[in-house]
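Below is one structure; the comments refer to it alone.
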Amino acid sequence: MDTRKNVLVQKSETILDRLERLSADSIWAHRASGLRGAILREMAKVEVTQDQQPLELLLTQGYTILNHAAKEIPER
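Taken in order, the sequence shown gives residues 0 to 75; the numbers are from numbering that gives the first Met the number 0.
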């Protein structure tokens, strides 16, 4: 696997971990559940194909969800 794929897989694993930790009370957690499945499917595909764009787009969506979920966290 080339370096770019390695980085993409590492980013995917990080996003998956963080999406999984969203509070179940958050609307964003519900949206993240489907996205996690899609990311896992694309990670498997990127191992055998050269097409990395779908996974990159899903990661962008993951960052967006995390950003919105973070805005729901109350300040102390």
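Just so you know, even glycine gets a beta-carbon here, dropped at the ideal spot from N, CA and C.
Remember, predicted model here, so these are calculated numbers, not experimental data.
- Remark: fewer than three beta-carbon pairs, one from each stretch, lie closer than 8 Å, so the segment 21–29 and the segment 46–62 are not flagged as touching.
- Nearest to Leu-15 by alpha-carbon distance, out of Thr-48, Leu-34, Val-6, Gln-51, is Leu-34.
- Rounded to the nearest angstrom, the Cβ distance from Glu-71 to Ser-25 is 6 Å, consistent with a contact under 8 Å.
- In chain order, Arg-3, Lys-4, Leu-7, Val-45 place their CB closer than 8 Å to the CB of Gln-51, counting only its own chain and leaving out the 5 sequence neighbours on each side.
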